[in-house]
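Only one structure is covered here, and it is reproduced in the block below.
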Amino acid sequence: MKNTILAKRYAKALFAVGKELGAFDEYTRALGEISELYSTSPEVRDALTNPMYPVDVRGKVMEHLVQLLKTSQEMSNFLNLLVQKKRADVLPDIAEVFQAMVDEDRNVCKGTVVSATALSAELQTKVQATLEKITSKTVELKSEVDPSIIGGIIAKVGDLVLDGSIKTQLAGLKESINGSV
Amino acid sequence: MQIKAEEISQIIKGQIKDYESKVDLSETGTVISVGDGIARVHGVENCMAMELLEFPGGILGLALNLEEDNVGCAVLGDVRHIKEGDIVKRTGKIAEVPVGPEMEGRVVDGVGAPIDGQGAIDAKETRKIEVLAPGVIARKSVHEPCYTGAKAVDAMTPVGRGQRELVIGDRQIGKTALCVDAIIAQKNTDVHCVYVAIGQKKSTVALVVEALRKNGAMDYTTVVAACASDPAPLQYIAAFAGCAMGEYFRDNGQHSLIIYDDLSKQAVAYRELSLLLRRPPGREAFPGDIFFNHSRLLERSAKVSDELGAGSLTALPIIETQAGDVSAFIPTNVISITDGQVYLEPNLFFSGVRPAVNVGLSVSRVGGAAQCKAMKQVAGTLRLDLAQYRELAAFAQFGSDLDKATQAQLTRGERLVEILKQPQYQPLPMEKQVTILFAGTKGFLDSLPVGSLAEYEKQMYEYIEQNEASIFDDMREKQEIDSALEEKMKNTLTAFGETFKASMGLN
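Those protein sequences? They're chains A and B, same order as listed.
Mapping of the first sequence onto the working numbering: position 62 corresponds to residue 538, and the numbering continues sequentially without gaps.
Mapping of the second sequence onto the working numbering: position 181 corresponds to residue 225, and the numbering continues sequentially without gaps.
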């Protein structure tokens, strides 16, 4: 979390370039893949960020990665720059912030809907429509199944949470009984 | 009392029936870090300053720092149950406390929840704890007295309704005692009291509550207690919460008196909070806005104009000094904010002058406007007499041969100092104070030994109540000593003086 300010600066620059060239999808994919790589194989992260290796060695690793990614010139410049500036460790944060910026720009927000059993497609569209009405944004909905909420659904969009689960209501009932007796 | 299991089942059944299930829409965030009573929360983008946030388990937090990517939040409760990653909900409410006549007679904590084990408080109204003080137009100058019941204070540093009079002094020299007496003195008046205990031992608070209860003062008093073991944020907001409770009366055309015991502890709590929130430290490591913290709190004590109901909120903030150092940061700040101070001195206290008011250093900037005419008549020369006495007393220690005038002044001074002494929990009404001061300043005591004056005072009140009760009644009614009353007082005091001397075997 400590690197949010840094990540914002880099993401903002990248966003400006992306907007000019209209290459958001491309950048999102590249950033996503690298941060995926960071979490799945820590060695890669180590090779890119460990100060034990000289900067030029780390730079070479990144150059190699960039070739494998087959990404645009700007993106590869950006990734190489990150390593040169010794900021490769912020990459996952940048990916996250960048994603949020792109979503904001496209008036899209990500949401999840949690239910006890899998939702039918019809219900899901209904939830989506409701969320879109509340946020007045296009909502990309992801559904999850969590039997522990017993029944009802919990819908989350950004900071907003619509909680209509049986679990929460039971907890509320418990509190109201505890509070007044 | 027998509790029937059946009844409990009924209650629970009713509650389940009435429980409204609704989908709650809330804005949330997540806890990034937590510790030392401070939680940093990511998310809650639309959070307002001073808004209450709800942590899991119903613990509340106060949003104090709104930063670019997180909210610094003081937890008003136990932080041990809060973990990193917990969901935090916005309540949409700015911090507020229950207020109103229902609060009287209760002991509550810094957020207004009862801690006296007497059940829930059914308050009809709540108020924001941080509000702006009344503006210039909404005010009126202080003009009516708010008696503290202490002769030394009411005669020489009078407190008016709507005034802020600082009580300052070292530890253990009767600051709290003076203020508790001031609360007891409001018995049978229309003044409602709030006692805010900040950073004190629970045992001390219990003693004060017990003293108030014993003297019948709890009926019109609310005690707000944020004790030493409570988290710093609670100690910080307790003063504001108490103020909000007092303001209720002020804004409803009634009168109230609030005691902050003490503001130095509140400042320390605020310093702790600020440092943990990483605000830059200033002098004595207090944050830059510590002055504003006290000024905005004390500025809310006011006398409100007639159009707004002419209510008032009188404040007696207490500041504890370290070894008599009034030039430390917090004491100078609060001295400059308040309309005067009562300075209590250890030397006086230990030489038996209690309350240990240092007459020279105590002032009231409101002055005579907060005294009735009768008190002005007797107290007018008192200050001067005492000042002259002190000067002479220091001087007279070197020589034994003194002229008549000097000796007379010394005799007078000694007796005045003696009659300003007063035992704890025995505040005096105005008319009694005026009568004894009248006796002192007019020389009725000069022929009596200093040691007998306490007894004299006691017997005199009884004597007047039994024989010449009209003196007290007249004074209460007219609030001044006219020539007829003066004549009557002189005659009565002369007559009593004779009987007293005879009964004590003097002459």
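Every residue gets a Cβ at the ideal spot worked out from N, C-alpha and C, and that includes glycine.
If you're wondering where the values come from, they're calculated on a predicted model, not measured in any experiment.
Q. Residues in its own chain within less than 6 Å of Lys522(B) by CB, not counting five upstream and five downstream?
A. On the second sequence, position 478 is the one that residue 522(B) refers to. Cβ neighbours of Lys522(B) beyond the five flanking positions: none.
Q. Just by C-beta distance, which residues in the segment 154-169 of chain B are closer than 8 Å to chain A?
A. Ala164
(Q) Closest to Pro189(B) by C-alpha separation, out of Lys127(B), Leu69(B) and Gly206(B), would be which residue? (A) On the second sequence, residue 189(B) is found 145 positions in, with the first residue counted as 1. Selected option, being the one with the closest Cα: Gly206(B).
Q: May I ask which residues mark the beginning and end of the alpha helix (DSSP H) holding Cys223(B)?
A: As a working note, residue 223(B) is residue 179 in the second sequence. Taken as a continuous stretch (DSSP letters only), the alpha helix (DSSP H) holding Cys223(B) covers Lys219 to Ile228.
Q. So what's Gln554(B) in DSSP terms, helix, strand or just coil?
A. Only positions 45 to 551 of chain B appear in this structure, which leaves residue 554(B) out of reach.
Q) How do the segment 311-323 of chain B and the segment 340-354 of chain B stand: do at least 3 beta-carbon pairs fall below 8 Å, yes or no? A) no
Q.
Check for me: the alpha helix (DSSP H) holding Leu607(A) runs from which residue to which?
A. As a position in the first sequence, residue 607(A) is number 131, starting the count at 1. Ala597 to Thr611 is the extent of the alpha helix (DSSP H) around Leu607(A).
Q) Using a Cβ cut-off of 7 Å, which residues of the segment 68-84 of chain B contact any Cβ in chain A, in chain order? A) Asp68, Leu69, Ser70, Glu71, Thr72, Gly73 and Ile76
Q | is_contact[Asp635(A), chain B] using C-beta, thresh 8 Å | A | Taking the first residue of the first sequence as 1, we reach residue 635(A) at position 159. For Asp635(A), the answer is yes, since a Cβ of chain B falls inside 8 Å of its Cβ.
Q. How many whole angstroms separate the CB atoms of Arg294(B) and Ser395(B), which I take to be in contact at a CB cut-off of 8 Å?
A. Start at 1 with the first residue of the second sequence, and residue 294(B) comes out as number 250. Start at 1 with the first residue of the second sequence, and residue 395(B) comes out as number 351. Actually they do not touch by this definition, with Cβ atoms about 39 Å apart.
Q) What does Ile625(A) touch in chain B if you count any residue whose Cβ is under 7 Å from its own? A) Counting from 1 along the first sequence, the entry for residue 625(A) is found at position 149. Result: empty, since nearest Cβ-Cβ is about 13 Å, beyond 7 Å.
Q. Could you check where the beta strand (DSSP E) with Ile363(B) kicks off and where it finishes?
A. Here residue 363(B) refers to the residue found at position 319 of the second sequence. Note, Ile363(B): beta strand (DSSP E), Ser356 to Glu364.
(Q) Using the Cβ count rule (16 or more neighbours within 10 Å means buried), how would you classify Glu542(B)? (A) Position 498 of the second sequence, counted from the first residue, corresponds to residue 542(B). That one is exposed.
Q. So Val141(B) and Thr170(B) are in contact, right, with Cβ under 8 Å, and what is the actual spacing, rounded?
A. Mapped onto the second sequence, residue 141(B) falls at position 97. Mapped onto the second sequence, residue 170(B) falls at position 126. 6 Å between Cβ atoms; contact.
Q) Any C-beta of chain B sitting closer than 8 Å to the C-beta of Glu579(A)? A) On the first sequence, residue 579(A) is found 103 positions in, with the first residue counted as 1. The question names Glu, but residue 579(A) is Asp in the sequence shown. No, its Cβ sits nowhere closer than 8 Å to a Cβ of chain B.
Q: With 8 Å as the C-beta to C-beta threshold (strictly closer), list the residues of the segment 637-653 of chain A near chain B in chain order.
A: Val637, Leu638, Asp639, Gly640, Thr644, Gln645, Gly648, Leu649, Glu651, Ser652 and Ile653
Q | Where Val88(B) meets chain A, residues with beta-carbon distance less than 7 Å | A | As a working mapping, residue 88(B) is identified with position 44 in the second sequence. Per Cβ cutoff of 7 Å: Asp635.
Q. Between the segment 102-128 of chain B and chain A, which residues of the former have CB atoms less than 7 Å from a CB of the latter, in chain order?
A. Gly102 and Asp113
**Q.** Neighbour flag for Val657(A) against chain B, beta carbons, 8 Å
**A.** Reading the first sequence from its first residue, position 181 is the one you call residue 657(A). Bear in mind that a pLDDT of 49 at Val657(A), under 50, signals an unreliable position, so the model cannot answer this.
Q. Exposed or buried, Glu95(B), counting other C-beta atoms within 10 Å across all chains shown (16 or more means buried)?
A. Sequence index remark: in the second sequence, residue 95(B) carries index 51 (1-based). It is buried - the Cβ of Glu95(B) has at least 16 other Cβ atoms within 10 Å.
(Q) For a test of the three-state rule: what should DSSP assign to Ala452(B), helix, strand or coil? (A) As a position in the second sequence, residue 452(B) is number 408, starting the count at 1. Helix at Ala452(B).
(Q) Using only the alpha-carbon positions, how far apart do Arg505(A) and Leu617(A) sit? (A) The residue given as residue 505(A) occupies position 29 in the first sequence. The residue given as residue 617(A) occupies position 141 in the first sequence. Using only the alpha carbons, I get a separation of about 19 Å.
Q. When you compare only the Cα positions, how much space is there between Gly179(B) and Gln575(A)?
A. Taking the first residue of the second sequence as 1, we reach residue 179(B) at position 135. Taking the first residue of the first sequence as 1, we reach residue 575(A) at position 99. Those two C-alpha atoms are separated by around 49 Å.
**Q.** Lys484(A) versus Val67(B) - alpha carbon distance
**A.** Counting from one through the first sequence, the residue named residue 484(A) turns up at place 8. Counting from one through the second sequence, the residue named residue 67(B) turns up at place 23. The alpha-carbon atoms of Lys484(A) and Val67(B) are separated by roughly 35 Å.
Q: Can you grab the Cα-Cα spacing for the pair Ile126(B) / Ser273(B), in whole Å?
A: Here residue 126(B) refers to the residue found at position 82 when the second sequence is read from its first residue. Here residue 273(B) refers to the residue found at position 229 when the second sequence is read from its first residue. Rounded to whole angstroms, Ile126(B) to Ser273(B) spans 19 Å at the Cα level.
Q) Start and end of the beta strand (DSSP E) containing Pro142(B)? A) Indexing the second sequence from 1 puts residue 142(B) at position 98. Start and end: Glu140 to Val143.
Q.
Any C-beta of chain B within less than 9 Å: which residues of the segment 477-506 of chain A qualify?
A. Met477, Thr480, Ile481 and Lys484
Q: Inspect the beta-carbon positions of Thr382(B) and Glu209(B) and report whether they are closer than 8 Å.
A: Translated into positions along the second sequence, residue 382(B) becomes position 338. Translated into positions along the second sequence, residue 209(B) becomes position 165. Their beta carbons are under 8 Å apart, which means Thr382(B) touches Glu209(B) by this criterion.
(Q) In the DSSP output, which residue or residues are listed as bridge partners for Asp68(B)? (A) One-based indexing of the second sequence puts residue 68(B) at position 24. For Asp68(B), which the question treats as bridged, DSSP gives the partners Asp639(A).
Q.
So, with DSSP's three-state summary, where would you put Val657(A)?
A. Counting from 1 along the first sequence, the entry for residue 657(A) is found at position 181. With a pLDDT of only 49 at Val657(A), under 50, the local geometry of the prediction cannot be trusted, and the value read off the model is given with reservation. Val657(A) falls in the coil class under three-state DSSP.
Q.
Rounding to the nearest angstrom, what Cα-Cα distance links Leu321(B) and Pro331(B) in this structure?
A. On the second sequence, residue 321(B) is found 277 positions in, with the first residue counted as 1. On the second sequence, residue 331(B) is found 287 positions in, with the first residue counted as 1. So the alpha carbons of these two residues sit roughly 11 Å apart.
Q: Can you pull the chain A residues whose beta carbon is under 7 Å from the beta carbon of Gln503(B), in chain order?
A: Locating residue 503(B) in the second sequence gives position 459, where the first residue counts as 1. Neighbours of Gln503(B) on chain A: none; closest Cβ ~56 Å, over 7 Å.
Q. Mapping DSSP to helix, strand and coil, what is Ser185(B)?
A. By one-based count along the second sequence, residue 185(B) stands at place 141. Looking at Ser185(B) - three-state DSSP - the assignment turns out to be coil, as it is neither helix nor strand.
Q: For Met528(A), count neighbouring C-beta atoms within 10 Å of its own C-beta (all shown protein chains included) and say buried if the count is 16 or more, exposed if not.
A: Mapped onto the first sequence, residue 528(A) falls at position 52. Per the 10 Å Cβ criterion, exposed.
Q | The beta strand (DSSP E) enclosing Ser619(A), as first and last residue numbers | A | Position 143 of the first sequence holds residue 619(A). Counting along the chain, the beta strand (DSSP E) containing Ser619(A) begins and ends at Thr614 to Val621.
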